[in-house]
Amino acid sequence: MKIFPSSSIKKLDAYTIEHEPIASIDLMERAAKALTKAITDRWKPETPITVFAGPGNNGGDALAVARMLAERSYKVEVYLFNTKGELSPDCQTNKELVEIMEEVTFHEISTKFVPPALTPQHLVIDGLFGSGLNKPLSGGFAAVVKYINSASAMVVAIDTPSGLMGEENTFNIKSNIIRADFTFSLQLPKLAFLFVENAEFVGEWDLLDIELNEQGIEETETNYEMLEIEDIRELMKPRSQFAHKGNFGHALLIAGSKGMAGASILAARACLRSGAGLLTVHAPLCNNDILQTAVPEAMVETDANEMYFAVPTDTDDYQAVGIGPGLGKNEETEAALLEQLEHCQTPVVLDADALNMLANHRHALTHLPKGSILTPHPKELERLTANVRILTSD
Ligand SMILES: NC(=O)C1=CN([C@@H]2O[C@H](COP(=O)(O)OP(=O)(O)OC[C@H]3O[C@@H](n4cnc5c(N)ncnc54)[C@H](OP(=O)(O)O)[C@@H]3O)[C@@H](O)[C@H]2O)[C@H](O)CC1
Ligand SMILES: [K+]
47 MKIFPSSSIK KLDAYTIEHE PIASIDLMER AAKALTKAIT DRWKPETPIT VFAGPGNNGG
107 DALAVARMLA ERSYKVEVYL FNTKGELSPD CQTNKELVEI MEEVTFHEIS TKFVPPALTP
167 QHLVIDGLFG SGLNKPLSGG FAAVVKYINS ASAMVVAIDT PSGLMGEENT FNIKSNIIRA
227 DFTFSLQLPK LAFLFVENAE FVGEWDLLDI ELNEQGIEET ETNYEMLEIE DIRELMKPRS
287 QFAHKGNFGH ALLIAGSKGM AGASILAARA CLRSGAGLLT VHAPLCNNDI LQTAVPEAMV
347 ETDANEMYFA VPTDTDDYQA VGIGPGLGKN EETEAALLEQ LEHCQTPVVL DADALNMLAN
407 HRHALTHLPK GSILTPHPKE LERLTANVRI LTSD
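Residues 47 to 440 in the working numbering are what the sequence shown lists, from first letter to last.
Following this line, the structure appears as structure tokens:
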């Protein structure tokens, strides 16, 4: 699934509006219906609802949701923040529709805001800002966010938690971002949802289909994509009825050391599970019996060293080589790794300790065989890239 930066989302809306075609107010109505369904599926009509709406289309969505919930007998109170005396056209239209409803308690805030009581039974709907946020929140809006965050009510964010930038939040102010329990995002997830440091703001998130134009999504380029199970499924090649282990390549795994047999077992199982026909694990003698018992499907080639990887092996007969899990960082292992890579013509997957050791020998990364893959976790990546900027600018 493609992930678009906030700057492209407006274009995708516009594409749908032009090509479906649909009036933008009707697209908002569609979004509000989907949001209302997601809310009414989870919260009963007895739930008191407080809606916080901003001046843009995120606020417009929130006002339309307020109207639809009131039509379904929910008790709804609305706070529309119109501090500049200017609302987006669709927000204005939805304001006019909701403010006349007897069932809704409506407040338009231009200057003074007296915060409402929010109990643990309340559901807050955050429609202050969505994909149109262009800088971190401050001033009055930040105060409203802090108030909502300090309350014990449940919070549902429309499209995105208000205050969270769609992509880059390194310099954002954490206390000025809504901490939602649920985020119902319209059609597409925001890149920011996928970063662990934003989980406290986004809460549980779900995508609501608002039928944005498929062709628009296809034609619009983006640097980000989220791999889903369907994408992986498409990569899997069908196997013929008469296929056998000899048809699916022979992998070599250089892994494990004394006390780290587990890493080599997990990597060996993963390698076989991902489809390699044959697997040989190059391991120190001390791990031989463990490996042969735990992963009988794999062959074991023992290193001349009993405890750790110390002697490079011939890789010519293999189609892929995995190096790293549980290797340890012994000096001899480090030397063996460098020598192994120097002579290796077969694509390698470098993981774990192989990456940790290569952090001190980055030159070795420049002549890896074509098709090689590095799989660092964030800490390993940090070690690998430490001081890179300083090194390249010198
Ligand atoms: N396809 C879809 O996803 C659909 C989305 N919809 C909803 O629309 C919003 C995006 O609406 P938009 O009007 O573009 O933007 P916002 O509502 O998020 O906010 C715009 C206003 O906010 C002001 N702004 C921006 N940053 C700040 C800030 N830090 N402090 C104060 N004010 C801020 C901005 O004013 P400027 O003068 O700064 O431009 C705007 O007034 C999307 O999230 C969905 O909820 C559609 O309803 C359906 C299709
Ligand atoms: K929001």
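C-beta atoms are modelled at their ideal positions from N, C-alpha and C, and glycine is treated no differently.
These figures come from a predicted structure and were not determined experimentally.
CB contact below 8 angstroms: residue i versus chain B
i, result
"I194", "The structure shown contains no chain B; it is built from a single protein chain."
Cα-Cα separation between residue i and residue j, rounded to whole angstroms
i, j, result
"S196", "E276", "40 angstroms"
"H65", "E265", "13 angstroms"
"S53", "R285", "43 angstroms"
"N334", "A309", "13 angstroms"
"E213", "K130", "26 angstroms"
"A356", "A344", "21 angstroms"
"A297", "M403", "22 angstroms"
"I55", "Y193", "29 angstroms"
"M211", "L58", "18 angstroms"
"V122", "L427", "49 angstroms"
"P424", "V242", "11 angstroms"
"P161", "L258", "36 angstroms"
"G178", "D205", "11 angstroms"
"K83", "D252", "13 angstroms"
"T421", "S134", "46 angstroms"
"Q287", "F294", "14 angstroms"
"I311", "K283", "25 angstroms"
"G249", "L281", "31 angstroms"
"P358", "T339", "24 angstroms"
"L331", "L299", "15 angstroms"
"E347", "D362", "15 angstroms"
"I436", "R279", "Residue placement at I436 is flagged as unreliable, the pLDDT there being 45, under the threshold of 50; the coordinate-derived value follows with that caveat. For I436 and R279, the distance between alpha carbons rounds to 42 angstroms."
"G323", "K291", "4 angstroms"
"L104", "W89", "For clarity, residue 104 is Asn in the given sequence; the question names Leu instead. Rounded to whole angstroms, N104 to W89 spans 21 angstroms at the Cα level."
"E148", "S221", "35 angstroms"
"A80", "V327", "52 angstroms"
"A381", "A289", "40 angstroms"
"G262", "E75", "20 angstroms"
"I85", "R118", "11 angstroms"
"Y364", "Q391", "10 angstroms"
"S320", "A110", "48 angstroms"
"E132", "I155", "12 angstroms"
"F217", "S184", "13 angstroms"
"E388", "R408", "13 angstroms"
"A199", "V341", "51 angstroms"
Same chain only: Cβ atoms within 7 angstroms of residue i, ignoring 5 sequence neighbours per side
i, result
"I49", "L234, P235, L237, T268, Y270, E271 and M272"
"F152", "V124, V144 and E145"
"G374", "S303, M306, Y354 and D399"
"F247", "P207, L210, I223, I224, R225 and A226"
"L232", "A77, D205, L254 and I256"
"I68", "T62"
"A329", "A301, G302, S310, L337, V346, T348 and D349"
"G417", "P393"
Contacting residues, own chain, Cβ-Cβ under 6 angstroms from residue i (five flanking each side not counted)
i, result
"E260", "none"
"G100", "F127, L174 and F175"
"V97", "A108, A112, V124 and I171"
"L318", "L325 and E343"
"A316", "none"
"L414", "none"
"N376", "Y354"
"I336", "A307"
"F239", "V248 and W251"
"A188", "N222"
Nearest-angstrom Cβ-Cβ length linking residue i and residue j, presumed shorter than 8 angstroms
i, j, result
"L430", "A405", "5 angstroms"
"A116", "V170", "Not quite, the Cβ-Cβ distance comes to about 16 angstroms (not below 8 angstroms), so this is no contact."
"P182", "I224", "In fact, because the Cβ distance is near 12 angstroms, the residues do not count as touching under 8 angstroms."
"P371", "A432", "Rounded, the Cβ-Cβ distance is 22 angstroms, inconsistent with contact."
"P393", "A366", "6 angstroms"
Contact under 8 angstroms by Cβ, residue i with residue j
i, j, result
"D397", "G368", "yes"
"D227", "V201", "yes"
"Y61", "P91", "no"
"A78", "M114", "yes"
"T165", "A203", "no"
"H168", "P94", "yes"
"I71", "T157", "no"
"N215", "N244", "yes"
"C137", "G102", "yes"
"E385", "N351", "no"
Chain-order list of residues whose beta-carbon lies under 8 angstroms from that of residue i (same chain, five-residue window excluded)
i, result
"I419", "P393, V394, V395 and L396"
Residues with C-beta closer than 7 angstroms to any heavy atom of ligand 2, in chain order = Residues with their Cβ less than 7 angstroms from any non-hydrogen atom of ligand 2, running along the chain, are N104, D172, G173, L174, F175, G176, A203, I204, D205, T206, P207, S208 and I224.
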